[in-house]
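Each residue of the sequence shown is one higher than the one before, counting from 1 in full-length UniProt numbering. This report concerns only the one structure given below.
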Amino acid sequence: MTSDTSTLVERIEVSTPQGISLSAVLTKKSTAPADQVLVLCHGFLNHSNSTIIRGLTNQLPFNVCAIDFRGNGFSKGTTRYGNYLEEVEDLKYLVEHLREELHLNVLGILGHSKGASVVLLYASSHHEVPLIINVAGRYDMSELPMHRFTPGQRKELEERGSFVWRKYLHNTEEKDFVVSQEDLTKKKNTDMSVVRNIDRERVRVLSVHGEDDTTIPVQEVHMYDEVLGPKPYHEVAVIKGATHFFRAPEEQQQLGKVVNDWIEQNIDWAKSQLTH
Numbered sequence: 001m002t003s004d005t006s007t008l009v010e011r012i013e014v015s016t017p018q019g020i021s022l023s024a025v026l027t028k029k030s031t032a033p034a035d036q037v038l039v040l041c042h043g044f045l046n047h048s049n050s051t052i053i054r055g056l057t058n059q060l061p062f063n064v065c066a067i068d069f070r071g072n073g074f075s076k077g078t079t080r081y082g083n084y085l086e087e088v089e090d091l092k093y094l095v096e097h098l099r100e101e102l103h104l105n106v107l108g109i110l111g112h113s114k115g116a117s118v119v120l121l122y123a124s125s126h127h128e129v130p131l132i133i134n135v136a137g138r139y140d141m142s143e144l145p146m147h148r149f150t151p152g153q154r155k156e157l158e159e160r161g162s163f164v165w166r167k168y169l170h171n172t173e174e175k176d177f178v179v180s181q182e183d184l185t186k187k188k189n190t191d192m193s194v195v196r197n198i199d200r201e202r203v204r205v206l207s208v209h210g211e212d213d214t215t216i217p218v219q220e221v222h223m224y225d226e227v228l229g230p231k232p233y234h235e236v237a238v239i240k241g242a243t244h245f246f247r248a249p250e251e252q253q254q255l256g257k258v259v260n261d262w263i264e265q266n267i268d269w270a271k272s273q274l275t276h
């Protein structure tokens with residue numbers, strides 16, 4: 001399918017060794033370098049056509065591939081509350097597919113919220129993608145957000161070990177999103193300090209956060225900087241007036257500009273890494 005004469009949009013499928021069919025949207029732009037692509041990763045219970053992912057796809061002057069993590073969007077499988085490492089695997093299989101099957105160089109990976117944590121965990125153990133962008137990612141997982149659950153849900157968790165938190169759309173089907181004690185434990189035990197293992201010689205990181213983020217406090221971005229800084233290894237951008245989801249057009253424009261400016265500043269270095 002095509003959206004205009006200069007852009008080709010296609011949905012691609014990637015099969016994991018476990019038999020899960022992952023879906024992603026590849027947007028190719030006639031004005032972009034034909035052999036390069038940026039990968040975009042959505043947040044919790046979201047998808048490749050979310051407001052922030054769609055906005056960045058339209059703004060960034062690069063080919064873009066936006067993933068649906070397992071159990072989200074058009075991907076098969078099941079999503080869970082604390083399944084960061086499963087989504088790291090999904091990302092790994094997509095990057096391999098883009099390289100080996102579509103012969104594209106993955107210039108960078110951007111993740112939002114939960115997707116940002118996934119991208120950083122990926123970069124901690126895979127050093128082949130030179131540019132990593134963390135948008136509103138959480139660093140400290142130790143404090144569980146129990147305030148998000150009702151008293152009845154917390155009681156059910158205590159008595160039964162799980163509860164239905166909310167409804168969500170997977171493809172076109174409405175499903176119950178179940179949170180278990182095991183899920184909460186996995187989330188709490190997710191150690192983001194492993195970002196110290198990101199290879200400074202091969203990878204650079206940008207962390208962007210909205211100043212008015214009430215979902216994940218802006219202080220989290222400075223925790224990342226303590227581990228990943230200083231420049232040029234890690235750069236922090238706090239966007240004044242921006243919220244967690246960057247829904248307003250002006251927030252999206254500011255985010256797109258910050259991301260694109262940083263990529264342009266680092267693109268020659270990044271290309272040199274791709275040739276190694």
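For every residue, glycine included, the Cβ atom is placed at its ideal position computed from N, Cα and C. In this text, all values refer to a predicted model and were calculated from it rather than measured experimentally.
Bridge partner(s) assigned by DSSP for residue i
i, result
"R204", "L131"
"A34", "Beta-bridge pairing links A34 to no other residue."
"T27", "V9 and V64"
"K175", "Y168"
"S142", "Beta-bridge pairing links S142 to no other residue."
"V39", "C65 and I109"
"S180", "S162"
"L22", "V14"
Endpoints, beta strand (DSSP E) assigned at residue i
i, result
"G111", "N105 to H112"
Span of the alpha helix (DSSP H), counted from its first residue to its last, around residue i
i, result
"L91", "Y84 to E100"
"Q59", "T51 to Q59"
Span separating the alpha-carbon of residue i from that of residue j
i, j, result
"R200", "G152", "47 Å"
"D4", "S15", "Here D4 scores only 49 on pLDDT, less than 50, and its place in the model should not be relied on; the value that follows carries that caveat. So the two alpha carbons sit approximately 29 Å from each other."
"D212", "H244", "7 Å"
"S180", "E156", "10 Å"
"E264", "F163", "46 Å"
"T275", "D268", "11 Å"
"F69", "K175", "16 Å"
"L104", "M146", "42 Å"
"V37", "S50", "19 Å"
"W262", "L206", "8 Å"
"A270", "I132", "11 Å"
"F44", "E159", "26 Å"
"T2", "F246", "Unreliable positioning characterises T2 in this predicted model, as indicated by a pLDDT of 43, which lies under 50. The coordinate reading is nonetheless provided below. If I take the Cα positions, the gap works out to 26 Å."
"V178", "S75", "18 Å"
"L91", "M141", "21 Å"
"G161", "S124", "32 Å"
"P217", "R148", "15 Å"
"A237", "Q254", "11 Å"
"R154", "T215", "20 Å"
"L184", "D35", "40 Å"
Nearest-angstrom Cβ-Cβ length linking residue i and residue j, presumed shorter than 8 Å
i, j, result
"Y81", "K187", "6 Å"
"G137", "G111", "7 Å"
"V88", "V95", "Not confirmed; about 11 Å, so no contact."
"R204", "P232", "6 Å"
"H170", "G115", "That belief does not hold up - the Cβ atoms of H170 and G115 are roughly 17 Å apart, past 8 Å."
"V259", "I239", "V259 to I239, Cβ: 11 Å. No contact."
"T57", "T27", "5 Å"
"A32", "I53", "So it is not a contact: roughly 17 Å between Cβ atoms."
"G73", "S48", "5 Å"
Threshold first: 4 residues or longer. Then list the alpha helix (DSSP H) segments lying entirely within the region 185–266, N to C.
Whole alpha helix (DSSP H) segments, 4+ residues: 219–228.
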